[in-house]
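Colleague: Let me give you the structure first, and then I'll get to my questions.
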Amino acid sequence: MKQSVGLVVLQIIGIILGFVSVFVIAGDLPASVYAVLGIYNVISSTILVFSNTGIETNAIRNILNWLEKGELALIKKTVTQAIFYRTILSAIISLLLLIYCFYISKYKFSDKYLNLFIFMSFASIFRGTNDSIVLLLRAFNNYLAAAFITYSINVFGKIIALILFFYFGFFAYVSFIIVLPLLITVLVLYKLKDYISFDQVIGVNFFMDSMKSNKAFSLSSYISFVFNNLDQMIVSIFMKNDIIGSFTLAKNFFDIGKVFVENIFDPMIQNLVKYKENIKLLQKKIIRINKIKNILFILAIIIFFVFVGYLQNLIVLFNLENYKYLNIFLLIVYLSQIAHVLMKVKYNYIALFFPPKYYFILTLLYSILNIIPMIIILIFQVKFIFVSVLFANLVMILITNHLFKSEKLRLDL
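Structure below.
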């Protein structure tokens, strides 16, 4: 609970700085140029997703329990494998993404920015390593350190980048954002130094054994690419640059809200892992978390009406009138986050405590519920593309409720 309070304080600061950074940059650029950031989002997110081995998810489900039992050798093996394999896979995927870089440069930007896109691809290797470290810190329930790393890159780093933008221009801003994960990764490795040991890590057999034992989690990560990132990739390939720019701006707004919700509930639910063998105590604590969810939902509804009333004024204030469909994008994104709040607690509990097959099934269903409406909407009316996320979240509320009613491990929430 204390971590969640600390995260909320950090997020309030971060959200203010993040919004200023995002909207000031966007308001000073044509949507077609801001689209360059959308390409970086595609490259970095693709590496983040497909470098995932599932080891971090296994760690999140078990490390607190292993600490209670004193199984330090198992923890060291898991932490080292997660970081090492993630870095190697990120490097391989970055090479494959060069095809995308060449395509986007040639057909979307008239042969411009190729060197920048290639730089994005190679630098994103360290986004993979950094993400592995963040997830491992969460596994130790050190959400404040994990959040500080995330905000150092996504928020506070962008403030420095914003200063560079005012003095040196847009590409100084982009270059700093690309390089920052490397700098942060070097610093944060120190946090896990006591749990890094290369015994039983390097070697094809060790890698294959690890992938086999964590395949449900890694496959879930790959499938999650659909509902988290595929929309950005499809938009970048098939839409005009001004739509790419508007979509990227709304997606940044979406990500800020998503992280806000996750940083409230993830540490509280993660902390329950230490009680996984005490169902009665687990039930009391999850009911308390559910009450917090209900309060946040009511607040989100109240804020929504204020948001609707002042949205157009905010768009004018930040000089964003040239971003096509932005008002519709932002309204739907906000509604999808309200649905995310209602889904979050039960979804996380299922992911952490139910057998791994349930996590895989949830991820698969979530992806299908997102991708099918998204494709239909893109064909007929692109301005409603974020409806696919809202639809998926609403249906997932029903699905997670159903799993709780039918599963023996359910809690009567």
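In this note's numbering, the protein residues as written are 15 to 427.
All C-beta atoms, glycine included, are put in the ideal place defined by N, C-alpha and C.
In this text the structure is predicted, and so the values were computed from the model without any measurement.
May I have a chain-ordered list of the beta strand (DSSP E) segments no shorter than 3 residues that lie completely inside the stretch 242 to 309?
Modeller: You should have found no qualifying run.
Colleague: Examine chain C for any beta-carbon lying closer than 9 Å to the beta-carbon of Pro369, and answer yes or no.
Modeller: Of the protein chains in this structure there is only one, and it is not chain C.
Colleague: Is Ser108 near the ligand GDP, judged by its Cβ being under 8 Å from some heavy atom?
Modeller: For the structure depicted, the ligand GDP is absent and the ligand set is empty, with no information on it obtainable.
Colleague: Identify whether Phe98 lies in helix, strand or coil by the three-state DSSP scheme.
Modeller: In this structure, Phe98 counts as helix in the three-state DSSP scheme.
Colleague: Find the nearest neighbour of Ile411 within the set Phe374, Ser402, Lys371, Lys358, judged by alpha-carbon distance.
Modeller: Nearest of Phe374, Ser402, Lys371, Lys358 to Ile411, Cα basis: Lys358.
Colleague: Report, in whole angstroms, the separation of the C-beta atoms of Ser135 and Leu158, which I expect to be a contact under 8 Å.
Modeller: Incorrect: roughly 31 Å between the Cβ atoms, too far for contact.
Colleague: Counting along the chain, where does the alpha helix (DSSP H) carrying Ser189 start and finish?
Modeller: It spans 184 to 202 - the alpha helix (DSSP H) in which Ser189 sits, taken as one unbroken run.
Colleague: Given a cut-off of 9 Å, decide if Asp245 and Ala45 are closer than it, judged by their beta-carbon atoms.
Modeller: No, they are not a contact pair.
Colleague: Under three-state DSSP, which class holds Ser138?
Modeller: Three-state DSSP puts Ser138 in coil, outside helix and strand.
Colleague: Put Glu85 into one of helix, strand or coil per three-state DSSP.
Modeller: Correct three-state label for Glu85: coil.
Colleague: Whose C-alpha, out of Tyr209, Leu349, Asp269, is nearest the C-alpha of Lys52?
Modeller: The question names Lys, but residue 52 is Gly in the sequence shown. Looking at the Cα atoms, Asp269 is the closest of the given residues.
Colleague: Determine whether the beta carbon atoms of Ser119 and Leu128 lie at a separation below 9 Å.
Modeller: A contact, by the Cβ cut-off of 9 Å.
Colleague: Return helix, strand or coil for Asp125, following the three-state DSSP convention.
Modeller: Asp125 falls in the coil class under three-state DSSP.
Colleague: If distances are taken between C-alpha atoms only, which option among Asn336, Lys307, Leu344 comes closest to Tyr324?
Modeller: That would be Leu344, whose Cα lies nearest to the Cα of Tyr324.
Colleague: Which residue's Cα is closest to the Cα of Ala87: Phe405, Val275, Ser211?
Modeller: Comparing Cα positions, the closest option is Ser211.
Colleague: Using the Cα positions of Leu62 and Phe162, report the straight-line distance between them to the nearest angstrom.
Modeller: About 19 Å.
Colleague: Quick one: give me the first and last residue of the alpha helix (DSSP H) that Val47 is part of.
Modeller: Per DSSP, Val47 belongs to the alpha helix (DSSP H) from 45 to 64.
Colleague: Looking only at its chain, what residues have a beta carbon closer than 8 Å to the beta carbon of Ala264, apart from the 5 residues adjacent to it on each side?
Modeller: Within the same chain, Ala264 has close Cβ partners Leu340, Phe343, Leu344, Val347, Phe400.
Colleague: Leaving out the 5 sequence neighbours to the left and right, which residues in its chain are closer than 7 Å to Asn285 when beta-carbon positions are compared?
Modeller: Correct list, in chain order: Asn155.
Colleague: Enumerate in chain order the residues of its own chain whose CB-to-CB distance from Asn493 is below 6 Å, with the five nearest sequence positions on each side excluded.
Modeller: This structure does not reach residue 493, given that the chain is present from 15 up to 427, and the question cannot be answered.
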